[in-house]
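Residue numbers (the numbering used here): 1 to 156. All C-beta atoms, glycine included, are put in the ideal place defined by N, C-alpha and C. Computed from a predicted structure; not experimentally measured. Before any comments, here is the structure.
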């Protein structure tokens with residue numbers, strides 16, 4: 001598989017609404033695998049197709065429990081509230097305080113276009129919301145309470 005270039009804030013593709021995937025093609029499957037490789041290489045927990053310049057409703061997530069692929073995801077239920085630090089591969093070196101639901105239920109299709117329903121709490125709920133926002137042209141910085149600030153990463 002191949003690593004894709006991650007688009008950064010200011011790239012207009014990140015402000016556009018993505019189109020639904022109507023059928024799974026080999027090209028779309030390759031995109032999904034490239035997205036996973038790109039996310040892991042960048043050390044992220046999620047990546048949406050527009051972040052690699054593709055306006056399709058696809059997200060990949062892995063909070064350390066194995067990869068999740070969501071095609072045409074939709075949040076159908078949310079409850080509770082959590083406020084915490086959030087960052088984004090498209091806003092490198094920055095983070096901000098964002099309030100999100102603490103529990104969400106998502107309906108989507110998997111990589112084989114089979115309908116799935118997943119629930120997530122805490123970090124997974126945050127990742128679902130964050131990545132699905134990308135599909136509608138929104139970045140977390142729009143929700144950051146006190147703006148965004150620089151983050152320093154420790155070298156391994």
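Buried or exposed (CB count within 10 angstroms, at least 16 for buried), residue i
i: residue 14; result: buried
i: residue 90; result: buried
i: residue 47; result: buried
i: residue 93; result: exposed
i: residue 83; result: exposed
i: residue 192; result: For the chain, the structure presents residues 1 to 156; residue 192 sits outside this window and is missing.
i: residue 130; result: buried
i: residue 115; result: exposed
For residue i, the residue or residues it bridges with in DSSP
i: residue 84; result: 98
i: residue 117; result: 107
i: residue 150; result: 94
i: residue 19; result: 56
Contacting residues, own chain, Cβ-Cβ under 6 Å from residue i (five flanking each side not counted)
i: residue 120; result: 104 and 128
Cutoff 7 Å; reference residue i; Cβ partners in own chain excluding five residues on either side
i: residue 112; result: 24
Neighbourhood of residue i by C-beta, 8 Å cutoff - its chain only, sequence neighbours within 5 removed
i: residue 19; result: 55, 56 and 57
*Curious, which full-length alpha helix (DSSP H) runs of at least 4 residues does the stretch 24 to 81 contain?*
26 to 42
*Report yes or no: do three or more beta-carbon pairs, one from the stretch 61 to 78 and one from the stretch 128 to 141, lie closer than 8 Å?*
yes
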